[in-house]
Structures are given as C-alpha cells and as structure tokens.
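This report refers to the structure that appears directly beneath it.
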Ligand code: SF4
C-alpha cells in the first residue's frame, strides 16, 4: 500500500462515503476533497467537509498510519495548522497540531475491494505497458484526451532544453535556436559536433552575409575545421581563402575536424552534406528563427527546410568527390525529424516565453501534420490496440511510456484512474 493510492482514493472518492465516522465519533460528510498538492505541505488544499453538521473549510492531510502524523513532525508545524481532517488507512493515536485536536478518519474498511484489486493489478503487472490487458476497456475519449495532454507535456519537456540555453547559458533566443537546429542536423551521430559548431558562430554574422551562400558555407565549413587540409578542387580552395579572410575579420575559431564522424554513416548523411544543407537553409531563410516562427503553415516550413544546397554540393558528398546522385536537399523523413525535434519544441518554448498561445497551438498543429514515428514504443502501442495517427500521437505515446508507464505512475495517469474505478458499485 502506498500513500499515493490513498491520495487517489480520496481525490476521486473511491470509497463508500455513506456513514463515515471519525475516530472521535463525528459524522463526516465530504463536500469537496480539495485540490491535490504535490509539493510540500498538506496533501489537499481547500477541502470542505461537514463534521456533525458543521461545515469546515481547510486542508486535508493523508497518511497510511495515523502515527505518521508525529513521525513527520506535523504537530508543531505551522503549515499544518489549517488541517481540518486527517485521513488514514490504519488508525492509531489521536493527533494534534499546536494543541488543537485534528479529527482522524480511517477509510480502510470503506475503500471498495474492487478498487484495491484494480490497484494491485496495475502495480503488480509485469507487462510492457502495465495496463495493456485492460486498456481496451477505457473509453477512447479518455485515452485521446490524455494523449493530447502528454503531447503538450513532451513539448514542454523539450522546451526546457531551449530554456536552459537562453536562461542559464545566456544565449540569445536566435543563437539557442541555431544551436538546437544545428544539433538536429547532425541527427544521432553528429549531434555533438554540430552543436559545438553552432556555438562558434554568432548568428548575427549570417545576417551580414545573407546574400552570399558561398560565404555562409565558408563560415560553416571553416569553423567546422573541414577546410584545414589540402583541398582538391578550385571551389574548395576558394572557400579556404574566403574563410581565412572571414576568420581574421571576425576572430572565428575552428573545431578539431576529428570531431566529425563519417564512418558508419551513409554518404547522404555525411556531415559535409548536412553542413551544406544547413548553409542553404540559413541562406534561404535570411533570418532563421523568425522565418521559422512566422512560417504560416507546416507546408511553408517544409519548403524552407528543403532548401537546395549550392550546385557544388548537389553533386558531391565530400570535397572533391563527385557523385552521380546525391540527396541534395533534406529527405522528407529528415524534415519530419527536424519539425518534431526542433521546430515544434522551439515554437512551444517561444510561446511560453512570450505568453503567445498561438505559437503553442502552432507547435501542436505542426506535430499533427507530420507522420507518426515508427519505433519500439509506437509498435508496442500499436500491438496494444492504439496506432498513432500523427507525430502528435506518437510523441504523446513516447511520453506516457517513458515518464508514466515505465515508472508505474498509473495513479497520476487518466487511463490508470479510469481503470482504478472500474466495476465498483
Ligand atoms: S501509466 Fe497509464 S497508460 Fe501507463 S500503464 Fe499505467 S495506467 Fe496504463
């Protein structure tokens, strides 16, 4: 038995509320359980009860055993002065706060047996999704609503990364966006070097050179350390010269080229190809962050993100290595990943920061316009009977699975609460 089970039982009224009597013999009528408080202090704020017909308003404290009141030192704690009812599973000695008697109500014999069975089923399940054998009994509307909330929670969680860059590391929002976008251009293998690269170049420099794709490429390839070698053709050598000039002018520094991973990477994903695509996006969008934030639709974002690299990079995977067929622009699947992992979370972050609900809504609608991710977690949900229809669904499913199911937080989950109260009379 965990205290959080009692919290859920109290919050959702999962017990027989007729003829409730405190240890002190007062009749109890619950008018409102109060607002659940997950922080320090009493478990429920602003509850309302009637004791022997007298209405009281105040806080409710819940414990497994009555004696926990003293074990937690509430008797002298001012935060508990306003407690009107102590709700427990096992009753013990009477409790006081600063000499005031607090009535204690035990609900051990009042919780419906079926609720306990449902709780034990959830807590004891060893399935991949603990409720998976019973989830089909939960109304679709409950699942869909919870999924939407999980999608927003996941966006909020991802937005924390942007917040940390801006608030803790003091990057401008434009620079933070560039760092996150660049990191996602590296996808899994080259994320770290891409982020390092993005931290070396002030985005304001791109605005100064917004009319020259060649100069943007020179800054990116130069700072990436990929021009510090003997280069095989005129285009690359010219870029080397351009970078020498820009490096002196702006005091730029270069990365160690060994940071970039080419091995075990398909040529279409070589960092050289991705840097050329990033340069094209910067060139096409002029002011990167505002272009993305202000894009009118997911379709216009897709158009921006599919910017064609310079003709040189349309025929090569690396300097001096012509290839008959290159990927040129980002593939649709890569654009989907950028929309899901960078654009939507950053829009959501910007919406929170600027108190702009429209941006937050736009972030959600971008996810709704993208195909769902296919991975282990979405496969499990599909096997259980819920196929993701779009990335908003798959993101919500990933969030429930990782944050709730894997930690058995069923009592904090709307689906779990529905199962908990199933078949009780
Ligand atoms: S957290 Fe929710 S969805 Fe996950 S197993 Fe528990 S009840 Fe089911």
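Numbering (my numbering), first residue to last: 46 to 470.
Beta carbons are placed, not taken as given, at the ideal position from N, Cα and C, and that holds for glycine.
Computed from a predicted model, the values in this text were never measured in an experiment.
- Taken atom to atom, the span from the alpha-carbon of residue 320 to that of residue 460 is near 44 angstroms.
- In this structure, the CA atom of residue 310 is about 15 angstroms from the CA atom of residue 239.
- Secondary structure remark: continuous alpha helix (DSSP H) runs of at least 4 residues inside the stretch 394 to 431, in chain order: 402 to 414 and 421 to 429.
- Look at residue 362 here: in three-state DSSP terms it is strand.
- DSSP, read as helix, strand or coil, puts residue 74 in strand.
- Here the stretch 153 to 168 makes contact with the stretch 48 to 65; the two share three or more CB pairs at distances below 8 angstroms.
- When the beta-carbon positions are compared, residue 324 and residue 226 stay at least 8 angstroms from each other.
- Contact holds between the stretch 260 to 267 and the stretch 278 to 288, because three or more Cβ pairs, one in each stretch, are under 8 angstroms apart.
- Within a 10 Å sphere around the beta-carbon of residue 345 sit fewer than 16 other beta-carbons, which makes this residue exposed.
- The DSSP-derived three-state label of residue 127 is coil.
- In this structure, residue 167 sits near residue 455, with a CB-CB distance shorter than 8 angstroms.
- Per the Cβ contact rule, the stretch 350 to 369 is not in contact with the stretch 389 to 397 (fewer than 3 Cβ pairs under 8 angstroms).
- The continuous alpha helix (DSSP H) containing residue 267 extends over residues 258 to 268.
- A direct Cα-Cα distance of roughly 13 angstroms separates residue 338 from residue 223.
- According to the DSSP secondary-structure assignment, residue 150 is paired through a beta bridge with 132.
- Just so you know, the alpha carbons of residue 330 and residue 444 end up roughly 32 angstroms apart.
- Cβ neighbours of residue 269 within its own chain (closer than 8 angstroms, five residues either side excluded): 238, 242, 299, 300, 302, 305, 316 and 320.
- Taking a cut-off of 8 angstroms for Cβ pairs, the stretch 275 to 284 and the stretch 210 to 223 do not touch, as fewer than three such pairs fall below it.
- Excluding residues up to 5 positions away in sequence, 237, 238, 239, 240, 316 and 319 lie with their Cβ nearer than 8 angstroms to the Cβ of residue 231 in the same chain.
- For residue 248, the enclosing alpha helix (DSSP H) begins and ends at 248 to 253.
- In the assembly as shown, residue 88 is a buried residue. Its beta-carbon has 16 or more other beta-carbons within 10 Å.
- Taking non-hydrogen atoms of the ligand SF4 into account, the C-beta of residue 175 is found less than 7 angstroms away from one of them.
- Residue 166 has its Cβ no nearer than 7 angstroms to any heavy atom of the ligand SF4.
- For residue 180, the distance from the CB to the nearest heavy atom of the ligand SF4 is below 7 angstroms.
- Around the Cβ of residue 378, a 10 Å sphere holds fewer than 16 other Cβ atoms; the residue is exposed.
- Collapsing the DSSP output to three states places residue 101 in a strand.
- Closest in alpha carbon position to residue 434, among 252, 207 and 416, is 416.
- Scanning its chain for C-beta atoms nearer than 6 angstroms, with the 5 sequence neighbours on each side dropped, one finds around residue 271 the residues 302, in chain order.
- Residue 199 and residue 448 have their alpha carbons spaced roughly 10 angstroms apart.
- Taken atom to atom, the span from the alpha-carbon of residue 197 to that of residue 294 is near 44 angstroms.
- In this model, residue 385 and residue 403 are separated by some 17 angstroms (Cα to Cα).
- Closest option to residue 467, judged by alpha-carbon separation, among 180, 131, 234 and 248: 180.
- With at least 16 other beta carbons inside 10 angstroms of its own, residue 106 counts as buried.
- With contacts defined as CB atoms closer than 8 angstroms, residue 141 and residue 112 fail to qualify as a contacting pair.
- Shortest gap from the CB of residue 461 to any heavy atom of the ligand SF4: under 7 angstroms.
- For residue 96, the enclosing beta strand (DSSP E) stretches over residues 89 to 96.
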